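Visitor: Counting with our numbering, you get residues 26 to 242 for the letters of the sequence shown.
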Amino acid sequence: MTKGICELIWLKRLLTELGYRPTFIMNLFCDNKAAIAITQNPVQHDRTKHVELPNSLAVSQQAVRMSTPARKRLMRDFKRLQQDPPAGISGAPQNNNIMLWNAVIFGPDDTPWDGGTFKLTLQFTEDYPNKPPTVRFVSRMFHPNIYADGSICLDILQNQWSPIYDVAAILTSIQSLLCDPNPNSPANSEAARMFSENKREYNRRVREIVEQSWTAD
26 MTKGICELIW LKRLLTELGY RPTFIMNLFC DNKAAIAITQ NPVQHDRTKH VELPNSLAVS
86 QQAVRMSTPA RKRLMRDFKR LQQDPPAGIS GAPQNNNIML WNAVIFGPDD TPWDGGTFKL
146 TLQFTEDYPN KPPTVRFVSR MFHPNIYADG SICLDILQNQ WSPIYDVAAI LTSIQSLLCD
206 PNPNSPANSE AARMFSENKR EYNRRVREIV EQSWTAD
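1. Do you know whose CA, among K97, I130 and N122, lies nearest C204's CA?
2. Nearest by alpha-carbon distance to T142: which of N127, P154, S214 and D152 is it?
3. From which residue to which residue does the alpha helix (DSSP H) around P94 run?
4. How long is the line joining the alpha carbons of K224 and V192, rounded to whole angstroms?
5. Provide the residue span of the alpha helix (DSSP H) that contains R218, from first to last.
6. For G44, which residues of its own chain have a beta-carbon under 6 Å away from its beta-carbon, when the five flanking residues on both sides are left out?
7. Look at the alpha carbon of K116 and the alpha carbon of F103, and state the distance between them as a whole number of angstroms.
8. Going by DSSP, which residues form a beta bridge with R161?
9. Can you tell me which residues form a DSSP beta bridge with N155?
10. Would you identify the three-state DSSP class for A194, choosing helix, strand or coil?
11. Rounding to the nearest angstrom, what Cα-Cα distance links H70 and L99 in this structure?
12. Where DSSP assigns a beta bridge to L125, which residues make up the other side?
13. Please report the residue range of the beta strand (DSSP E) in which Q185 lies.
14. Restricting to Cα atoms, I'd like to know which of R96, E226 and P111 is closest to S198.
15. If you draw a straight line from the alpha carbon of A194 to that of E226, how long is it in whole angstroms?
16. Distance, Cα to Cα, F149 vs T159?
17. Let's test the definition: count the other Cβ atoms within 10 Å of the Cβ of K144 and tell me whether it reaches 16, buried, or not, exposed.
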């Protein structure tokens, strides 16, 4: 089995423990060949990455009914990401913990972030979706609204959070933030100042971050 995919097999085990034995095949789609941050060494096609897993990770109604509200919602979020993945993002739960996710955001095309592959973690609590997850970049970043520890200054993760937001919406919003920062609410004062006063140097620093993302573990 493709190395790195095993972190998703816990879903199959969970469903089996709940009395549901899956019989289908789940497809994992990412729309960038750089999606190695989620899966290592998968089969690649020209425009998309297609990985087939024996046995299904599909979510049964029985399993959903036996979940807590937060876990039920996260399983639904995961299902949506698999069935209708937004362009340029990918995410999946870690190992045996649906409350902790790995994610990848691909730098938007035709921006200084183009070509970058940026890893994140999302930590949920049982209060989700009434409270937002804690989201943090694992990859090194240089951005006005990203702290040195990878934490993100984004309104929907703070005072503008709403239960209507799901994992896809969170990751899409962060992707948009990359090329549309708010220098008036800086988490990185150097990046904010450079973005406002010396865009050329700012873009150069961003390109360095992009190149580092290709080789980061």
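Glycine included, C-beta positions come from ideal geometry on N, C-alpha and C. On a predicted model such as this, the values are computed, not experimentally measured, just so you know.
Guide: For this structure:
1. I130
2. N127
3. P94 to Q108
4. 31 Å
5. S214 to E222
6. Summary for G44: the model assigns pLDDT 47, below 50, so the residue's position carries little reliability; its value from the coordinates is reported in the next sentence. For G44, where only same-chain residues beyond five positions count, there are no Cβ hits under 6 Å.
7. For the record, residue 116 in the displayed sequence is Gly; it is not Lys. The alpha-carbon atoms of G116 and F103 are separated by roughly 8 Å.
8. T146 and S176
9. N155 is not bridged to any residue.
10. helix
11. Unreliable placement is indicated for H70, whose pLDDT of 36 sits below 50; the coordinate value is still reported in the next sentence. Straight-line Cα distance between these residues: approximately 29 Å.
12. Q148
13. No beta strand (DSSP E) contains Q185, which DSSP labels as neither H nor E.
14. P111
15. 31 Å
16. 7 Å
17. Buried, since its Cβ has 16 or more Cβ neighbours within 10 Å.
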